[in-house]
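Residue numbers (our numbering), protein chains in the order written: chain A, 1 to 116; chain B, 1 to 114.
Report on one structure; see the data block that follows.
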């Protein structure tokens, strides 16, 4: 049973560099979500895909952030010109159509970003 | 906007003690409510949920009742075990406008000592 996998698990970068995270959802899930979690806080919603369509974006997702899900399977989250305030855990989650409505998301272990 | 407030941690209990983690919400309309748990080194996972007022969610000995009158969804367990040590997140979901954004509380870290 493969769950949601994220790569890399930890990324250290210098301010101003670009970083990209990948998420592979549970194979039969058509919905995919990105959340961000900073220290001492709960996860905050960033964006949501249904298949390849990006249906919802948070205002937290500035112009430096872009997410894609080109074939409706894996997704990437790119952060351009990273800032120290981008340091956080980036969580990916997936759900099927039915469970997404009821709020049961399946989360990966996250990708931790440290911007120096 | 919607928000979830849960009791500050950390909480340290002895094994077999009674657990309550308070959670209150503010929301437009009537959201669904959830408790998610994050065990050390693992991803968040759904612990229990309730989708309407007076519903009780339960799982692994944990319970929470959706109280509309007090806008609360407190998590309880009668006898905690060391294996319950984790971070617990209360969350709400209002999908009335086609949104699927879960709103999380800050999390409460529970440590259970033998």
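Don't be surprised by glycine CBs; every beta carbon is placed ideally from N, CA and C.
From residue i to residue j, what distance separates their C-alpha atoms?
i	j	result
residue 62 (chain B)	residue 74 (chain B)	10 Å
residue 19 (chain B)	residue 79 (chain B)	7 Å
residue 8 (chain B)	residue 22 (chain B)	9 Å
residue 57 (chain B)	residue 50 (chain B)	5 Å
residue 55 (chain B)	residue 77 (chain A)	37 Å
residue 96 (chain A)	residue 30 (chain A)	5 Å
residue 38 (chain B)	residue 87 (chain B)	5 Å
residue 115 (chain B)	residue 107 (chain A)	Nothing about residue 115 (chain B) can be read from this structure; chain B reaches only from 1 to 114.
residue 69 (chain B)	residue 53 (chain B)	9 Å
residue 175 (chain A)	residue 44 (chain A)	In the structure displayed, chain A extends from 1 to 116; residue 175 (chain A) sits before or after that span and is not available.
residue 109 (chain B)	residue 5 (chain B)	14 Å
residue 59 (chain A)	residue 28 (chain A)	29 Å
residue 1 (chain B)	residue 27 (chain B)	7 Å
residue 60 (chain B)	residue 30 (chain B)	26 Å
residue 62 (chain A)	residue 14 (chain A)	19 Å
residue 10 (chain A)	residue 111 (chain A)	5 Å
residue 41 (chain B)	residue 16 (chain A)	29 Å
residue 89 (chain A)	residue 38 (chain A)	6 Å
residue 64 (chain A)	residue 34 (chain A)	15 Å
May I ask you to list the residues that DSSP assigns as paired with residue i?
i	result
residue 50 (chain B)	B:33
residue 65 (chain A)	A:79
residue 21 (chain A)	A:77
residue 53 (chain A)	A:50
residue 45 (chain B)	B:37
residue 44 (chain A)	A:36
residue 91 (chain B)	B:34 and B:104
residue 10 (chain A)	A:112
residue 95 (chain A)	A:31
Quick one, which of the options has its alpha-carbon nearest residue i's?
i	options	result
residue 54 (chain A)	A:18, A:93, A:111 and A:32	A:32
residue 81 (chain B)	B:114, B:29 and B:34	B:114
residue 40 (chain A)	B:3, B:89 and B:21	B:89
residue 115 (chain A)	A:86, A:3, A:2 and A:6	A:86
residue 83 (chain A)	A:105, A:68 and A:113	A:113
residue 72 (chain A)	A:23, A:90, A:61 and A:44	A:23
residue 3 (chain A)	A:74, A:81 and A:80	A:74
residue 91 (chain B)	B:76, B:47, B:103 and B:16	B:103
residue 14 (chain B)	B:47, B:85 and B:24	B:85
residue 68 (chain A)	A:19, A:6, A:111 and A:49	A:49
residue 48 (chain B)	A:109, A:110, A:104 and A:5	A:104
residue 66 (chain B)	B:42, B:11, B:24 and B:77	B:24
residue 16 (chain B)	B:101, B:83 and B:100	B:83
residue 42 (chain A)	B:42, B:41 and B:36	B:36
residue 100 (chain B)	A:56, A:79 and A:7	A:56
residue 5 (chain A)	A:26, A:18, A:19 and A:20	A:26
residue 80 (chain A)	A:20, A:91, A:94 and A:93	A:20
Under three-state DSSP, which class holds residue i?
i	result
residue 2 (chain B)	coil
residue 38 (chain A)	coil
residue 57 (chain B)	strand
residue 101 (chain B)	coil
residue 28 (chain B)	coil
residue 2 (chain A)	coil
query = Mind pulling the beta strand (DSSP E) runs of 3 or more residues that sit fully within the stretch 63 to 88 of chain B?
reply = 75 to 77
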